[in-house]
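According to the numbering used here, the sequence shown is numbered sequentially starting from 5.
Don't be surprised by glycine CBs; every beta carbon is placed ideally from N, CA and C.
On a predicted model such as this, the values are computed, not experimentally measured, just so you know.
This report refers to the structure that appears directly beneath it.
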Amino acid sequence: ADEIDAFMVENGGFLRKSDLESYRAIVREPLHGTYRGYDLYVPHPPVSGPQFLMVLNVLENYNLSAMSWDDPLAIHLIQQALVLGDVDRKAYISDPEFHDLPYEAFMSKEYAKTRLMLINPGKVFDQPYASYLGDASPFADGSTYEEVLLEELAPVMSSARAVEESPSTTHFSIVDKEGNAVSWTQTISSFFGTGTYFKGFFFNNEMANFASSYREGDVINLTGGMRPRTTICPTVVMKDGEVRWILGTPGAGRIVSMMVNLVVNLVDFNMPIDQAIRSPKFVGYSSYTDLRMEEGFPQSTLDFLEKILGHKLNIYAYPDLFFGGPNIIAVEENGMMIGAGSLRRGGSASAPEF
Numbered sequence: 005a006d007e008i009d010a011f012m013v014e015n016g017g018f019l020r021k022s023d024l025e026s027y028r029a030i031v032r033e034p035l036h037g038t039y040r041g042y043d044l045y046v047p048h049p050p051v052s053g054p055q056f057l058m059v060l061n062v063l064e065n066y067n068l069s070a071m072s073w074d075d076p077l078a079i080h081l082i083q084q085a086l087v088l089g090d091v092d093r094k095a096y097i098s099d100p101e102f103h104d105l106p107y108e109a110f111m112s113k114e115y116a117k118t119r120l121m122l123i124n125p126g127k128v129f130d131q132p133y134a135s136y137l138g139d140a141s142p143f144a145d146g147s148t149y150e151e152v153l154l155e156e157l158a159p160v161m162s163s164a165r166a167v168e169e170s171p172s173t174t175h176f177s178i179v180d181k182e183g184n185a186v187s188w189t190q191t192i193s194s195f196f197g198t199g200t201y202f203k204g205f206f207f208n209n210e211m212a213n214f215a216s217s218y219r220e221g222d223v224i225n226l227t228g229g230m231r232p233r234t235t236i237c238p239t240v241v242m243k244d245g246e247v248r249w250i251l252g253t254p255g256a257g258r259i260v261s262m263m264v265n266l267v268v269n270l271v272d273f274n275m276p277i278d279q280a281i282r283s284p285k286f287v288g289y290s291s292y293t294d295l296r297m298e299e300g301f302p303q304s305t306l307d308f309l310e311k312i313l314g315h316k317l318n319i320y321a322y323p324d325l326f327f328g329g330p331n332i333i334a335v336e337e338n339g340m341m342i343g344a345g346s347l348r349r350g351g352s353a354s355a356p357e358f
């Protein structure tokens, strides 16, 4: 701590020994949500667990299993739900020690139905996406979407303003022979963090996840002691009380998109984990004005997305680390454990002999 303090003073940094001394790890019970009979356990804010669950809550209203993974309508519905989730994240995800935000209402299935109402199956959202920010606060008391909208307690869209924000991240999944499971994502934000190397590690640049300048009402204004918002979302999925999948991914602002891609592939399209990882991916992110996709989708799918649904496409070579690097462990009903690492970022799977 003394050496870090001296290094910071010498190089114009702000971190001090007193900051390191005052740091405390916070242990919280994971948040719980469901998707088509599966139980999902995700992290609390300022991590993006509620956003992930909100998007799945919207998608649960569609019969995606009646479609294929490369169906342009399925891609459109998923991408539009992801955009809405990302718009809301920027208003509702922050450090709960500093901001009392209705994130539990945000991840409710009733609130998701009001977001569902905004999605046009035949047309992409108009720009700017920030205008689609929802109001989750009336759902904090357990009200249904009918009650909220009929009583005009809240509009479908809020007049509040979503805020913008400015990747290196690593994920690993672990399960032992007793079935204890860990889904772990850690980040130093950008590749190599600040780019400043000190005694075996790089300093992170997570402060880039705060607002770059003070903005009235912004939930990510730089504040002493406040933890920055992050899009990481390590997840454990269970079925009937048993661990089914442990998964997570790096990928900066694309993390929730990749997590939704994975869960839909696993649950709705019944893919094995290696196929769920290898299949081409796409992103729904409110800071992008285009639909970013990997190569590998049929040309007819791309044509329909562009010419019929109105998406502006941005196609990346396959595979591209832009689309994260998910690692998954599946636990089969017979107890067999199968691991798969990401081909996009050199992931791998290994196991000891039990």
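Item: Take every Cβ of the region 293-304, pair it with every Cβ of the region 312-326, and state whether three or more of those distances are shorter than 8 Å.; Value: yes
Item: Residues in its own chain within less than 7 Å of residue 227 by CB, not counting five upstream and five downstream?; Value: 102
Item: To which residues of the same chain is residue 346 closer than 8 Å at the C-beta, ignoring the five residues directly before and after it?; Value: 253, 281, 328, 329, 330 and 331
Item: So residue 122 and residue 136 are supposed to be a Cβ contact under 8 Å. How far apart are they, rounded?; Value: 6 Å
Item: Output the distance between the C-alpha atoms of residue 308 and residue 180, rounded to the nearest integer angstrom.; Value: 45 Å
Item: Is residue 273 helix, strand or coil by DSSP?; Value: coil
Item: Can you give me the C-alpha to C-alpha distance between residue 88 and residue 95, rounded to a whole angstrom?; Value: 11 Å
Item: Between 237, 201 and 304, which lies nearest to residue 11 when the distance is taken from Cα to Cα?; Value: 201
Item: May I have a chain-ordered list of the alpha helix (DSSP H) segments no shorter than 4 residues that lie completely inside the region 89-127?; Value: 107-110 and 113-120
Item: Could you have a look at residue 53 and say whether DSSP puts it in helix, strand or coil?; Value: helix
Item: Alpha carbon to alpha carbon, what distance is there between residue 76 and residue 354?; Value: 36 Å
Item: Does residue 173 come out as helix, strand or coil in the three-state DSSP assignment?; Value: strand
Item: Mapping the DSSP letters down to three states, classify residue 343 as helix, strand or coil.; Value: strand
Item: Just reading off the alpha helix (DSSP H) that residue 6 is part of, what are its end residues?; Value: 6-15
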